[in-house]
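**Student:**
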Amino acid sequence: MGCSRSNKSSSLSSKTVVVVPSKKPRTTRTREKRAEKELEIYKEVVRLEEMHEAYEEQLRDAEVRLAEAYGSAVVDLEKEEDEVNILNEEVVRILEAESGVAVKRVELSGRHLRCLREASWSIPDSIAGLEKLEQLHVSCFLLVSLPNSVGLLLNLRVLNVSGNKLDALPKSIACCRYLDVHFNELRGLPYAIGRLTTHEMLNLTSNFSDLTELPESIGDQTNLWELDLRNNQIQALTSL
Numbered sequence: 001m002g003c004s005r006s007n008k009s010s011s012l013s014s015k016t017v018v019v020v021p022s023k024k025p026r027t028t029r030t031r032e033k034r035a036e037k038e039l040e041i042y043k044e045v046v047r048l049e050e051m052h053e054a055y056e057e058q059l060r061d062a063e064v065r066l067a068e069a070y071g072s073a074v075v076d077l078e079k080e081e082d083e084v085n086i087l088n089e090e091v092v093r094i095l096e097a098e099s100g101v102a103v104k105r106v107e108l109s110g111r112h113l114r115c116l117r118e119a120s121w122s123i124p125d126s127i128a129g130l131e132k133l134e135q136l137h138v139s140c141f142l143l144v145s146l147p148n149s150v151g152l153l154l155n156l157r158v159l160n161v162s163g164n165k166l167d168a169l170p171k172s173i174a175c176c177r178y179l180d181v182h183f184n185e186l187r188g189l190p191y192a193i194g195r196l197t198t199h200e201m202l203n204l205t206s207n208f209s210d211l212t213e214l215p216e217s218i219g220d221q222t223n224l225w226e227l228d229l230r231n232n233q234i235q236a237l238t239s240l
């Protein structure tokens, strides 16, 4: 009898007690999942803000590089005054078309003129005399404006004014098919541009922080097949 009790005591004392942890309440698990989701959303917002700041920094750097590039491209007028004067006379002769020849193309891209008669960094109104003009290329010309007389060039098909300092286009802009105004300082487009149904290509890239919206009339250009709006601050295209 004594031996039997001893064995029973020994077997009871050798048993392992397992403590099962209690499960977390469902409300606690829900709060934790919600907190994790909110943390992920916060991280995504921070990431997007960092990307936006990096993009703005790239735009500022690009504007600085462009300004430096244009500044270094301007010729030393004091050292090359004779060459500039000769070029001025050549351009004036072309624009006045005294010979009566039907000029169809004027190429002045990259030329930095000191003056055209009384004008400074501009195209004279006399360009309207080139009634047969089909192409006008004045990129990297340091232009700050275009004369309204450009609108009288009814045969103009190609107008390239890229790489200048234009902040606006004249309301009388010609009915050209190809209009290139990238790398300028445009703040907007004239509302009348919607009536120019001959437009096929419109390049407005890299006007950076200046160009923020387009006129609703842009949607009226039924023949427009290429519209380039890269590197601008346009938020919406409601009229297209």
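The opening residue of the sequence shown carries number 1 in UniProt numbering; numbering runs sequentially from there. All C-beta atoms, glycine included, are put in the ideal place defined by N, C-alpha and C.
With distances taken from CA atoms, which of S172, C140, H52 is nearest L153?
**Tutor:** For the purposes of this step, residue 153 is taken as residue 153 along the sequence shown, with counting starting at 1. Ranking S172, C140, H52 by Cα distance to L153 puts S172 first.
**Student:** Report the rounded CA-to-CA distance for H112 versus Q235, giving the unit in angstroms.
**Tutor:** Counted from its first residue, the sequence shown places residue 112 at position 112. Counted from its first residue, the sequence shown places residue 235 at position 235. Low per-residue confidence applies at H112: pLDDT is 45, beneath 50, and the placement is therefore not dependable, though the value from the model is reported in the following sentence. H112 and Q235: Cα-Cα distance of roughly 35 angstroms.
**Student:** For L211, which of C140, L169, E226, A128 has the nearest alpha-carbon?
**Tutor:** Residue 211 sits at position 211 when you count from the first residue of the sequence shown. The shortest C-alpha separation from L211 is found at L169.
**Student:** Can you tell me whether Q58 is buried or exposed? The criterion is at least 16 other CB atoms within 10 Å of its CB, across all chains shown.
**Tutor:** For this step, residue 58 is matched to residue 58 along the sequence shown. Q58 comes out exposed.
**Student:** Please report the straight-line C-alpha distance between Y191 and C140, rounded to a whole angstrom.
**Tutor:** Here the question's residue 191 lines up with position 191 in the sequence shown. Here the question's residue 140 lines up with position 140 in the sequence shown. The straight-line gap from Cα to Cα measures roughly 26 angstroms.
**Student:** Since E226 and M201 should fall inside the 8 angstroms C-beta cutoff, what is the C-beta to C-beta distance between them, to a whole number of angstroms?
**Tutor:** Locating residue 226 in the sequence shown gives position 226, where the first residue counts as 1. Locating residue 201 in the sequence shown gives position 201, where the first residue counts as 1. Yes, they are in contact, since the Cβ atoms of E226 and M201 sit about 4 angstroms apart, within 8 angstroms.
**Student:** Beta strand (DSSP E) containing L227: first to last residue?
**Tutor:** Stepping through the sequence shown from its first residue, residue 227 is reached at position 227. Element bounds for L227: 226 to 228.
**Student:** Would you mind reading off the limits of the beta strand (DSSP E) that contains N223?
**Tutor:** Counting from 1 along the sequence shown, the entry for residue 223 is found at position 223. Element bounds for N223: n/a, residue is neither H nor E.
**Student:** Any idea what DSSP makes of D167, helix, strand or coil?
**Tutor:** Position 167 of the sequence shown, counting from 1, holds the residue named residue 167. If DSSP states are grouped into helix, strand and coil, D167 belongs with coil.
**Student:** Can you look up D180 in the DSSP assignment and give me helix, strand or coil?
**Tutor:** Here residue 180 refers to the residue found at position 180 of the sequence shown. D180: strand per DSSP, three-state reduction.
**Student:** For the putative contact between L136 and N155, defined by C-beta atoms under 8 angstroms, what is the C-beta separation to the nearest angstrom?
**Tutor:** In the sequence shown, residue 136 corresponds to position 136, counting from 1. In the sequence shown, residue 155 corresponds to position 155, counting from 1. Incorrect: roughly 11 angstroms between the Cβ atoms, too far for contact.
**Student:** Would you mind working out which of I193, F183, L189 sits nearest R177, comparing C-alpha positions?
**Tutor:** Stepping through the sequence shown from its first residue, residue 177 is reached at position 177. Of I193, F183, L189, the residue nearest in Cα terms is I193.
**Student:** Taking V64 as the reference, give the member of S206, L130, H52, R29 with the closest Cα.
**Tutor:** Mapped onto the sequence shown, residue 64 falls at position 64. Nearest C-alpha to V64: S206.
**Student:** For N160, which residues does DSSP report across the bridge?
**Tutor:** In the sequence shown, counting from the first residue as 1, residue 160 sits at position 160. In the DSSP output, where bridge partners are listed per residue, N160 has H137, D180.
**Student:** Going by alpha carbons, who is nearest to R187 out of V144, L39, E53?
**Tutor:** Counting from one through the sequence shown, the residue named residue 187 turns up at place 187. Looking at the Cα atoms, V144 is the closest of the given residues.
**Student:** Which residues in the same chain as E229 place their Cβ atom closer than 6 angstroms to its Cβ, once the five residues preceding and following it in sequence are excluded?
**Tutor:** Here residue 229 refers to the residue found at position 229 when the sequence shown is read from its first residue. A quick correction: the sequence has Leu, not Glu, at residue 229. Result list for L229: L204, in chain order.
**Student:** So, using beta-carbon positions, are L214 and L189 closer together than 9 angstroms?
**Tutor:** Taking the sequence shown and counting its residues from 1, one reaches residue 214 at position 214. Taking the sequence shown and counting its residues from 1, one reaches residue 189 at position 189. In contact: L214 and L189 (Cβ atoms closer than 9 angstroms).
**Student:** Can the beta-carbon of L224 be found closer than 9 angstroms to that of H199?
**Tutor:** Residue 224 sits at position 224 when you count from the first residue of the sequence shown. Residue 199 sits at position 199 when you count from the first residue of the sequence shown. Against a cut-off of 9 angstroms, the Cβ pair of H199 and L224 comes out as a contact.
**Student:** If I'm right that V138 touches V158 with Cβ under 8 angstroms, what's the distance once you round it to whole angstroms?
**Tutor:** By 1-based counting over the sequence shown, the position of residue 138 is 138. By 1-based counting over the sequence shown, the position of residue 158 is 158. Actually they do not touch by this definition, with Cβ atoms about 11 angstroms apart.
**Student:** Please identify the residue among R31, L130, E216 whose C-alpha is closest to the C-alpha of R195.
**Tutor:** Along the sequence shown, read from residue 1 onward, the residue named residue 195 stands at position 195. R195 has its Cα closest to that of E216, out of R31, L130, E216.
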